[in-house]
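Worksheet: the structure to be examined is printed underneath.
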Amino acid sequence: MLERPAVAAVYDVVALSRDRVLMRSSTESKIVHQPFWGAVLPVADGTSTADEIVDQLEATVPLAHTYYALMCLEREKILVEAPAAQDPAELHSVVMTGDYLDPALAELARCATDDRPFIPIRISGDSIWLGPVIRSGGGEVWAALLHRLRRNLYDVSKRVFFPPSEGALKTAGCWIPRIVECGQPALWTGMAGDSTPRIHSFLPSMNATVRERLENAMSPITGLVPVVERLTQDPVFVYQALEFHPASATAGKGLDEESALLSCVAEVAERQSMMWTGREPVRRAAYRDVAEDAMHPSALAHWSLRQRASAGIQELPPNREIDWVEAHALGENRVRYLPAALCFHGHPDAPLMGLSADSNGCAAGPSWEEAVTRGFLELVERDAFAIWWYNRIPRSAFPQQEVDAVPAACRIRDHLRQIGGALTILDVTTDLGIPVAVAITTGPDGIPRDIGFGAAFDRATAIHRAALEAGQLIATPQRRVWEWLRTAFQLDPAYLRALPPSPQAEPRFHTVLEAAAELEILVVDLTRKDIGIPVARVVSPTLRPPWARLGTGRLYDVPVRCGWLARPRTEDELNPIPFIL
466 MLERPAVAAV YDVVALSRDR VLMRSSTESK IVHQPFWGAV LPVADGTSTA
516 DEIVDQLEAT VPLAHTYYAL MCLEREKILV EAPAAQDPAE LHSVVMTGDY
566 LDPALAELAR CATDDRPFIP IRISGDSIWL GPVIRSGGGE VWAALLHRLR
616 RNLYDVSKRV FFPPSEGALK TAGCWIPRIV ECGQPALWTG MAGDSTPRIH
666 SFLPSMNATV RERLENAMSP ITGLVPVVER LTQDPVFVYQ ALEFHPASAT
716 AGKGLDEESA LLSCVAEVAE RQSMMWTGRE PVRRAAYRDV AEDAMHPSAL
766 AHWSLRQRAS AGIQELPPNR EIDWVEAHAL GENRVRYLPA ALCFHGHPDA
816 PLMGLSADSN GCAAGPSWEE AVTRGFLELV ERDAFAIWWY NRIPRSAFPQ
866 QEVDAVPAAC RIRDHLRQIG GALTILDVTT DLGIPVAVAI TTGPDGIPRD
916 IGFGAAFDRA TAIHRAALEA GQLIATPQRR VWEWLRTAFQ LDPAYLRALP
966 PSPQAEPRFH TVLEAAAELE ILVVDLTRKD IGIPVARVVS PTLRPPWARL
1016 GTGRLYDVPV RCGWLARPRT EDELNPIPFI L
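What follows is the structure in structure tokens.
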């Protein structure tokens, strides 16, 4: 049995009653129901021996029950041996500061060693900031912390400091052994007398799951997501994340609160991973020097000759040096190069390209393989949408029994029925055979109001994704979407209405690697070490983006190949209403 039991530093414990305890860690919170744990844990603070704890509780808890509770808590590693009593300052220097952004702290972090670590502390009145422990190599850890602090500056830097209270100093001293034992780089915050400080992670733990990293990304001080709020839950849950540098809002949706919240954080991780910082590995070269392995910007733009002339878009001179990013060619043991300006938002080469980086084909996922799959399916989805939308080809609806088997579609359909509206889900699958759905909602007047798209290797998931996207627009109405769809409907309503269901085609591909055998698929790894969420940019020069890029290729060829049109449309015959989302 432990000599001096103490609660492990990874836990915060709140006794709710004699037999109920709230256990909180950096990864979860749960209420535990165990006999007498609520009585034993508050006094197991490392200052008393096991026998002394038994004596303290003798009046309320039978001796045998106390010993048994101590044994169980030790077995569950909730109680550990208390460290030998010593002044933490003997092991770690404590650096008091009025501002974590003080350049002097960065210099201290750069010079820190394993023999001379330090812990920064900021106390303003009763407010406490403590940590992280800075050891050898601490300059990089400190830089990562400062990056997050500056991004969230509007929320955390008040620039008004008050003398520390005696209670705050005492509380900070009690936290120091716990932050030392924790080991993971993190900032701890709280108020004087608070025994359960909040832990703000800013570097992902390699032992944490992607789900845990997403959950840990929410913090007003060090979080990738400083502010997150629920916008609505009807007909689907929608969460919005707000960022300050640059000012932006990102949303995520789901059928339940948890999936919507995680979707929102994943969207932020995806967006942040696409931002150019200047630290990305690139190759500076002219196209003529890398032509054998590089993808020319024109091959990815899909502008028509008339569009180029009208907009004054020039070809990239073959001798003009630009940044190139390595891309892996799926299905080939080969490295290709893509223009960095088409992979990262804010890259300075963008004006030379005639277009800039967008989110088409970018996706975050719980694994690298899943991120690649999601990115590829987004390309397939947008390609099918473009072919359907710009050619204005009426398509069949998915059979009603398939739609009825998808909970997201049922929830949105039932919501619309209450207000006299309806949901139609078109099957716009192309020659690729990968199911693609377009969900269109209409109001009581029969005019389209919202739209959503989805692609997957199975039809039910494609329907689910399209319905969920449409549900997000229902939950967060956007007048410009209504006006866009109304204008398109008034110009030509036929393709926005469903034909009767037709026999479904056999899918040609069931995985990304199968598709790579026929399509050129390039993948760039956008995963950031300081975020820790796998993010991929998937590029296929064959597939079309959803925007009005009217150059030759699948936009004209597929409708004829599939028998939807007798001849290709001319550029003048294409839908004049461009995609706006």
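This note's numbering numbers the first residue of the sequence shown as 466 and each following residue consecutively. Here a beta-carbon is modelled for each residue, glycine too, at the ideal position from N, C-alpha and C.
According to the neighbour-count rule (16 or more other Cβ atoms, all chains shown, within 10 Å of its Cβ), is serine 666 buried or exposed? Here the question's residue 666 lines up with position 201 in the sequence shown. Result: buried.
Measure the C-alpha to C-alpha separation of alanine 547 and phenylalanine 501 and round it to an integer number of angstroms. As a working mapping, residue 547 is identified with position 82 in the sequence shown. As a working mapping, residue 501 is identified with position 36 in the sequence shown. Approximately 21 Å, taken between the alpha carbons.
Give the DSSP-derived three-state secondary structure of cysteine 827 in the structure shown. For the purposes of this step, residue 827 is identified with residue 362 of the sequence shown, where counting begins at 1. Correct three-state label for cysteine 827: strand.
Output yes or no for whether 7 Å exceeds the beta carbon distance between glutamate 732 and glycine 717. Against the sequence shown, residue 732 aligns to sequence position 267. Against the sequence shown, residue 717 aligns to sequence position 252. Going by C-beta atoms, glutamate 732 is nearer than 7 Å to glycine 717.
Please go through the same chain and pick out, in chain order, the residues whose beta-carbon is closer than 6 Å to the beta-carbon of glycine 688, but skip the five residues on each side of it. In the sequence shown, residue 688 corresponds to position 223, counting from 1. Result list for glycine 688: Ala682, in chain order.
Assuming isoleucine 877 contacts leucine 961 under a Cβ cut-off of 8 Å, what Cβ separation, rounded to an integer in Å, is found between them? The residue labelled residue 877 in the question sits at position 412 within the sequence shown. The residue labelled residue 961 in the question sits at position 496 within the sequence shown. About 17 Å separates the two Cβ atoms, so there is no contact after all.
What does the alpha-carbon distance come out to for the pair asparagine 949 and alanine 932? Counting from one through the sequence shown, the residue named residue 949 turns up at place 484. Counting from one through the sequence shown, the residue named residue 932 turns up at place 467. One point to set straight first is that residue 949 is tryptophan, not asparagine, in the sequence displayed. Tryptophan 949 and alanine 932: Cα-Cα distance of roughly 19 Å.
Three-state secondary structure (DSSP) at tyrosine 802? Taking the first residue of the sequence shown as position 1, residue 802 is located at position 337. Strand.
Along the chain, where does the beta strand (DSSP E) containing arginine 748 start, and where does it finish? For the purposes of this step, residue 748 is taken as residue 283 along the sequence shown, with counting starting at 1. Per DSSP, arginine 748 belongs to the beta strand (DSSP E) from 748 to 751.
So, with DSSP's three-state summary, where would you put leucine 668? As a first step, residue 668 must be located in the sequence shown, where it is residue number 203. Note: leucine 668 maps to coil in three-state DSSP.
Inspect the beta-carbon positions of alanine 920 and leucine 842 and report whether they are closer than 7 Å. Locating residue 920 in the sequence shown gives position 455, counting from the first residue. Locating residue 842 in the sequence shown gives position 377, counting from the first residue. Yes. Within cutoff.
Name the residue from Pro700, Ile998, Gln737 and Glu677 whose alpha carbon lies nearest to the alpha carbon of alanine 706. The residue given as residue 706 occupies position 241 in the sequence shown. With distances taken between Cα atoms, alanine 706 lies closest to Gln737.
By DSSP, does aspartate 848 sit in helix, in strand, or in coil? Locating residue 848 in the sequence shown gives position 383, where the first residue counts as 1. Here aspartate 848 sits in helix by DSSP.
Three or more beta-carbon pairs under 8 Å between the stretch 821 to 829 and the stretch 992 to 1009, yes or no? yes
I'd like to know whether the C-beta atoms of alanine 828 and proline 1011 end up nearer to each other than 7 Å. The sequence position of residue 828 within the sequence shown is 363, counting from 1. The sequence position of residue 1011 within the sequence shown is 546, counting from 1. No, the pair does not count as a contact, with Cβ atoms beyond the cut-off.
For a test of the three-state rule: what should DSSP assign to threonine 514, helix, strand or coil? On the sequence shown, position 49 is the one that residue 514 refers to. Three-state result, threonine 514: coil.
For leucine 1115, count neighbouring Cβ atoms within 10 angstroms of its own Cβ and tell me buried if that reaches 16, exposed if not. Outside the displayed range of the chain (466 to 1046) lies residue 1115, so it cannot be described from this structure.
Indicate whether the contact test is met: 3 or more Cβ pairs, each with one atom in the stretch 1018 to 1030 and one in the stretch 865 to 874, closer than 8 Å. no
What three-state label does DSSP hand glycine 936 in the structure shown? Mapped onto the sequence shown, residue 936 falls at position 471. Correct three-state label for glycine 936: helix.
With 16 other Cβ atoms within 10 Å as the buried cut-off, status of arginine 753: Counted from its first residue, the sequence shown places residue 753 at position 288. By the 10 Å Cβ count, arginine 753 comes out exposed.
Are there 16 or more other CB atoms within 10 angstroms of the CB of asparagine 798, so buried, or fewer, so exposed? Position 333 of the sequence shown, counted from the first residue, corresponds to residue 798. Counting Cβ neighbours within 10 Å, asparagine 798 comes out exposed, since fewer than 16 surround it.
According to the neighbour-count rule (16 or more other Cβ atoms, all chains shown, within 10 Å of its Cβ), is isoleucine 496 buried or exposed? Position 31 of the sequence shown, counted from the first residue, corresponds to residue 496. Result: exposed.
I'd like to check one pair, alanine 473 with valine 545: are the Cβ atoms closer than 7 Å? For the purposes of this step, residue 545 is taken as residue 80 along the sequence shown, with counting starting at 1. For the purposes of this step, residue 473 is taken as residue 8 along the sequence shown, with counting starting at 1. Their beta carbons are under 7 Å apart, which means valine 545 touches alanine 473 by this criterion.
Would you say proline 568 touches the ligand FAD, meaning its beta carbon is less than 6 Å from a heavy atom? You won't find the ligand FAD in this model; it holds no ligand whatsoever.
For chain C, check one thing: does any of its Cβ atoms lie closer than 7 Å to the Cβ of leucine 467? Absent from the structure: chain C. Only one protein chain is present.
Would you say proline 913 and glycine 885 are within 7 Å of each other, going by their C-beta atoms? The residue labelled residue 913 in the question sits at position 448 within the sequence shown. The residue labelled residue 885 in the question sits at position 420 within the sequence shown. No, the pair does not count as a contact, with Cβ atoms beyond the cut-off.
Could you tell me the distance, in whole angstroms, from the CA atom of proline 958 to the CA atom of proline 872? What you label residue 958 is simply residue 493 of the sequence shown in a count that begins at 1. What you label residue 872 is simply residue 407 of the sequence shown in a count that begins at 1. In a straight line, the C-alpha of proline 958 is about 28 Å away from that of proline 872.
Endpoints, beta strand (DSSP E) assigned at isoleucine 877: Here the question's residue 877 lines up with position 412 in the sequence shown. From DSSP, isoleucine 877 is part of no beta strand (DSSP E) but of the alpha helix (DSSP H) over 872 to 883.
Should glutamate 786 and alanine 756 be called a contact, given that it needs their Cβ atoms to be closer than 7 Å? Here residue 786 refers to the residue found at position 321 of the sequence shown. Here residue 756 refers to the residue found at position 291 of the sequence shown. No; because the gap between Cβ atoms is not below 7 Å, this pair is not in contact.
Within the stretch 968 to 992, note down every full alpha helix (DSSP H) run reaching 4 residues or more, in order along the chain. 977 to 981
Where the beta strand (DSSP E) through valine 486 begins and ends: What you label residue 486 is simply residue 21 of the sequence shown in a count that begins at 1. Note, valine 486: beta strand (DSSP E), 485 to 489.
Three Cβ pairs or more, each shorter than 8 Å: is that satisfied between the stretch 480 to 487 and the stretch 527 to 534? no
Proline 691 versus leucine 1046: straight-line alpha-carbon distance, rounded: As a position in the sequence shown, residue 691 is number 226, starting the count at 1. As a position in the sequence shown, residue 1046 is number 581, starting the count at 1. Their Cα atoms are separated by approximately 25 Å.
Are the beta-carbon atoms belonging to leucine 891 and arginine 860 less than 7 Å from one another? Reading the sequence shown from its first residue, position 426 is the one you call residue 891. Reading the sequence shown from its first residue, position 395 is the one you call residue 860. Yes; because the gap between Cβ atoms is below 7 Å, this pair is in contact.
Pairing CB atoms from the stretch 1032 to 1046 with CB atoms from the stretch 799 to 807, are three or more of them under 8 Å? no
Cutting at 8 Å between CB atoms, please list the residues of its own chain near valine 625, excluding the five before and the five after it. Taking the sequence shown and counting its residues from 1, one reaches residue 625 at position 160. Summary for valine 625: the model assigns pLDDT 49, below 50, so the residue's position carries little reliability, and this model does not support an answer.
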